[in-house]
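Numbering (our numbering), first residue to last: 2 to 177.
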């Protein structure tokens, strides 16, 4: 007798774009993520664009971490080496647990696309209050790489042998 197929559980995912130069209308990376999230059957919980400021980033993400309806946060931008790039510094202090494999896999996959320039990526991820936080670089290509090769499957409750969905629901079972 075969095991029944797992049920798809849609997630509520918030998107934060960090940019000192773009507006929401020019935000192709954030728009790509928003479209991809909805095409995959998930719900866009919120979408914001703010300047690259550690305290603004922490404030927005902390609000989503505290919201029991937000399962995950995906950010784009602020992961480079320019003086104002501060996403990793802003979010790492919020993590209850880091997801080291996310950044490692992102860089491994990116190497095939951009070569050794991938060593400059500071993509990071972690969990805070049962909410996943995944920080991608600001380019649309990097967002596509992260979504298509990692997040799309890991946000799908049917992905075997494991995915992030039970972790998002375990601490905050009231997530809906």
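Note that the Cβ used here is the ideal one computed from N, Cα and C, for glycine as well.
Outcome for residue i when other beta-carbon atoms lying within 10 angstroms are tallied against a minimum of 16
i	result
residue 88	buried
residue 79	buried
residue 163	exposed
residue 151	buried
residue 132	buried
residue 53	buried
residue 171	exposed
residue 24	exposed
residue 21	exposed
residue 118	exposed
residue 142	exposed
residue 1	Residue 1 is absent from the structure shown; the chain starts at 2 and stops at 177.
Coarse secondary structure for residue i, derived from DSSP in three states
i	result
residue 133	strand
residue 158	coil
residue 177	Note that residue 177 scores a pLDDT of 48, beneath 50, so its modelled location is shaky and nothing firm can be said.
residue 170	helix
residue 8	coil
residue 164	coil
Beta-ladder partner(s) of residue i, from DSSP
i	result
residue 125	136
residue 17	49, 76
residue 98	128
Distance cut-off 8 Å: residue i Cβ against heavy atoms of the ligand MG
i	result
residue 67	By its list of ligands, the structure shown contains no ligand whatsoever, and the ligand MG lies outside what it can speak to.
CB contact check: residue i to chain D, cutoff 9 Å
i	result
residue 69	As a matter of chain content, chain D is missing from the structure shown, which is built from one protein chain.
Evaluate contact between the segment 90–105 and the segment 132–147, counting only Cβ atoms and requiring at least three cross-stretch pairs below 8 Å.
yes
Taking 8 Å as the threshold, find out whether the segment 69–81 comes into contact with the segment 9–16 through three or more Cβ pairs.
yes
Entirely enclosed beta strand (DSSP E) segments - the segment 20–91, minimum 3 residues
Qualifying beta strand (DSSP E) stretches, in chain order: 44–51, 73–77.
Between the segment 56–68 and the segment 28–42, do at least 3 Cβ pairs fall closer than 8 Å?
no
With three or more C-beta pairs closer than 8 Å as the rule, is the segment 46–58 touching the segment 90–97?
Taking 8 Å as the limit for Cβ pairs, the verdict is that the segment 46–58 does touch the segment 90–97.
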